[in-house]
Amino acid sequence: MKLRNKWSAREIALMSIVAGLYVAVTWLVAPFAYGQIQLRLSEGFNHLAIFNKRYIIAVTIGVFIANLTSPLGIVDVIFGTLGTLVMTSLSYWATKKVDQIWMKLTISIVIDTIMMWSVAVEQYWIFKLPFWLSYGWLAAGELCSLVIGAILIYFLQKRIDLSI
1 MKLRNKWSAR EIALMSIVAG LYVAVTWLVA PFAYGQIQLR LSEGFNHLAI
51 FNKRYIIAVT IGVFIANLTS PLGIVDVIFG TLGTLVMTSL SYWATKKVDQ
101 IWMKLTISIV IDTIMMWSVA VEQYWIFKLP FWLSYGWLAA GELCSLVIGA
151 ILIYFLQKRI DLSI
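This note's numbering numbers the first residue of the sequence shown as 1 and each following residue consecutively.
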């Protein structure tokens, strides 16, 4: 009996490219990608999850690798990665029956921005930073990154079918 692989070579390649791009963009803006005030432009890749669930895994792997150099250490590797898994999964499921791309992207922006509470908890726990102040700065940076990412993904999906 022959077992079918869960993902094709094409899907694995796409997931690897997205994970690698997430890491590269994060490390490219590393001074701004970590800390109390973050502008992690790679968070724009989170929007890919609304097109295909394989990107949930791809972005989660990218976050795991990028967070290996986080000042929060292993806490960010574990909880930051889990937070991304949750937020991209929520975005995928919340937009599953939505047809308009702009609405899917908007839902993704809202979910991912709200979910920055998990990073604020990490910063509160590790650095003893005030939770609400950290959450405000993190959410603002996330919102900026996600809006930029949404604009880019919106125009990209007009040329490339991201769902297949």
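Virtual Cβ for every residue (Gly too), placed ideally from N, Cα, C.
- According to the DSSP assignment, M103 belongs to the alpha helix (DSSP H) that extends over I101 to I114.
- DSSP places R10 inside the alpha helix (DSSP H), whose first and last residues are A9 to L28.
- In the structure shown, V98 adopts coil according to DSSP, grouped into three states.
- If you check the CB distance, M116 and V86 do not come in under 8 Å.
- Contact between the stretch 133-144 and the stretch 76-90 is absent, with fewer than three C-beta pairs closer than 8 Å.
- Straight through space, the alpha carbons of W125 and F79 are spaced by roughly 12 Å.
- With at least 16 other beta carbons inside 10 angstroms of its own, Q38 counts as buried.
- L72 and D112 do not touch by the CB rule: their CB atoms are close to 19 Å apart, not below 8 Å.
- Counting only the Cα atoms, K53 lies some 18 Å from S42.
- Of the other Cβ atoms in all chains shown, 16 or more fall within 10 Å of the Cβ of M15; this residue is therefore buried.
- In its chain, beyond the 5 residues on either side, M15 and R54 have a beta carbon closer than 8 Å to the beta carbon of W7.
- Beyond the five residues adjoining it in sequence on each side, L138 comes within less than 7 Å, by CB distance, of Q38, M116, V119 and A120 in the same chain, given in chain order.
- Residue range W117 to F127 is occupied by the alpha helix (DSSP H) that includes V121.
- Residue state for F155 is assigned as helix, using DSSP reduced to three classes.
- Contact between A66 and V23 holds, with the beta-carbon distance rounding to 5 Å and staying under 8 Å.
- Taking every protein chain shown into account, the CB of R159 has fewer than 16 other CB atoms within 10 angstroms, so this residue is exposed.
- For R54, the enclosing alpha helix (DSSP H) covers residues R54 to A66.
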